[in-house]
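Below: the structure, in C-alpha cells.
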Amino acid sequence: MLTIYVVSDSTGHTAERMARSALVQFTDAPVRVIRRGQVLAAEQIRDLVEEAAGQQSIILHTLVANELRATMLEECRRANVDAMDMLGPLLDRLAVRLKLTPQEKPGLLKQLTEATSRQIEAVEFAFAHDDGHKSDDLDRAEIVLVGASRTMKTPTMLYLAYRGWFVANVPLMPELAPPVALTAVSPQRVFCFSMNPGRLAELRRARAEAENIPLEPYATPEQIRKELRHTERLCLEHRWNQINVTGKSVEEVGREIIARMPNRDL
C-alpha cells in the first residue's frame with residue numbers, strides 16, 4: 001500500500017483536496033492519505049521523513065517558508081523518500097513574473113477565507129437587525145447603534161458590517177420604551193448618536209419630501225428637540241457611548257467606533 005503524506009505549515013486541507021482529486025483517477029488504488037498540518041519546525045520535518053522512509057510512501061507538501069521547503073528537500077534526498085513540492089514552484093514563478101517577494105506566512109488563504117465568510121455573515125446580520133428588527137437577540141451583536149431617526153445609524157451599521165462587525169441598530173422614540181434586550185447589552189457595546197437639531201431637521205425634511213411623509217410632527221423643531229433630549233437622557237442613564245455625528249462622514253463615525261472597541265470579547 002502506498003502512503004501519501006500531505007504536509008503543510010497551515011491546515012493542509014487544500015493539499016489534501018488536491019491529492020484526493022488526483023486519486024479519483026485511479027480506481028481502487030491501494031492508498032491511504034495521512035494529513036500532517038502545522039509543520040513549522042525542521043525537527044518536525046525530520047521526524048516525518050524518518051517515518052515515511054520506513055514504508056512505501058510519497059510526501060506532498062505545501063510549505064510556504066523557503067527554509068522549511070529546503071529542509072524537506074534535503075531530508076527526503078538523504079532518506080531516499082519521494083517528495084513533491086506542490087507550492088514552491090508556483091511561488092517562485094509568481095515571484096519572477098510579479099517582481100515581488102512572497103510573504104512566506106502560513107495560513108494566509110485560510111485567514112482570507114475566514115474573513116470573507118465573517119463579512120458575509122456580518123452583513124446578513126446587519127440587514128436582519130436594522131431599525132429595531134429582531135431586538136430580542138441583541139446580545140448577539142458586537143455593536144449596537146441607537147439614536148433618533150435619520151442620525152446615520154443604518155449607513156454606519158453597514159459600513160461596520162462590511163468590515164466584519166456584527167452590528168444592530170435601534171431607533172429611540174419618546175413614545176416607546178427601549179427594548180428590554182437593549183438595556184441588557186453591555187454599555188461598552190452601545191453607541192448613541194446625537195446630531196445638531198438644525199442639521200437633523202434638514203435631513204428629515206429631505207426625507208419627507210422624497211417619501212411623501214407629512215412634515216408634522218416628524219420634521220418640526222419641537223419634535224426633533226424632544227427626541228434628542230430623550231436620546232440624551234437614555235444615553236446618560238444607561239452609560240452608553242455618545243457620538244455627535246454632525247458634519248461627519250460615515251467613514252469617520254465608523255472609524256471612531258472601531259477605535260473604541262479594543263477587541264471582540266466585550
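Counted the way this note's numbering counts, the sequence shown spans residues 1 to 266.
Beta carbons are placed, not taken as given, at the ideal position from N, Cα and C, and that holds for glycine.
Bear in mind the structure is a predicted one, so any value in this text is a computation, not a measurement.
- The C-beta of Thr27 has fewer than 16 other C-beta atoms within 10 Å across all chains shown, which makes the residue exposed.
- Secondary structure note for Val49: it is in no beta strand (DSSP E), and the uninterrupted alpha helix (DSSP H) holding it is Ala42 to Ala53.
- A contact between stretches requires three or more CB pairs, one per stretch, nearer than 8 Å, and the stretch 187-196 meets this requirement with the stretch 138-146.
- For Phe127 and Arg207, the gap between their C-alpha atoms comes out near 20 Å.
- The DSSP assignment places 221-238 and 250-259 as complete runs of the alpha helix (DSSP H) inside the stretch 202-266, in order along the chain (cut-off: 4 residues).
- Between Thr62 and Ala15 a beta carbon distance of about 4 Å is seen, short of the 8 Å cut, so the two are scored as contacting.
- Here DSSP, grouped into helix, strand and coil, assigns Arg20 to helix.
- For the pair Leu138 and Val185, the CB atoms are nearer than the 8 Å cut-off.
- Membership of Tyr159 in the alpha helix (DSSP H) is indicated by the continuous run Lys153 to Ala161.
- The closest CA to that of Gln119, considering only Asp82, Leu158 and Thr154, is found on Leu158.
- Here Asp82 is exposed, its C-beta having fewer than 16 other C-beta atoms within 10 Å.
- The alpha carbon of Ala41 has as its nearest neighbour, out of Gln223, Asn66, Ser21 and Leu215, the alpha carbon of Asn66.
- Residue environment for Leu200: buried (at least 16 other C-beta atoms within 10 angstroms of its C-beta).
- When secondary structure is reduced to three states using DSSP, His61 falls in the strand class.
- The beta carbon of Leu228 is closer than 8 Å to those of Ala148, Ser194, Met195, Pro197 and Leu200 in its chain, skipping five residues each way along the sequence.
- With a contact defined as Cβ atoms closer than 8 Å, Val96 and Ser135 miss out at about 56 Å.
- With 16 or more other Cβ atoms inside 10 Å of its own Cβ, Asn241 counts as buried.
- A distance below 8 Å between beta-carbons, with the five flanking residues on each side excluded, links Ile243 to the following residues of its chain, in chain order: Phe191, Cys192, Phe193, Ser194, Val253, Glu256 and Ile257.
- Using a Cβ distance threshold of 8 Å, Glu75 and Arg46 count as a contacting pair.
- Distance from the CA atom of Ser10 to the CA atom of Pro30, rounded to whole angstroms, is 27 Å.
- Arg204 places its beta carbon less than 8 Å from that of Arg150.
- Taking a C-beta distance under 8 Å as the contact criterion, Ser8 and Val39 qualify as a contact pair.
- For Val180, no beta strand (DSSP E) run applies; the uninterrupted alpha helix (DSSP H) run containing it begins and ends at Val180 to Thr183, by DSSP.
- Measuring C-alpha to C-alpha distances from Leu68 to each of Ala122, Met1 and Glu43 identifies Glu43 as the nearest.
- Comparing alpha-carbon positions, the option among Leu182, Arg20 and Pro214 lying closest to Leu234 turns out to be Leu182.
- Between Ala210 and Tyr218, the alpha-carbon positions lie close to 14 Å from each other.
- With a cutoff of 8 Å on beta-carbon distance, Gln56 and Leu2 are scored as near each other.
- Between the alpha carbons of Ala177 and Arg239 lies a distance of about 17 Å.
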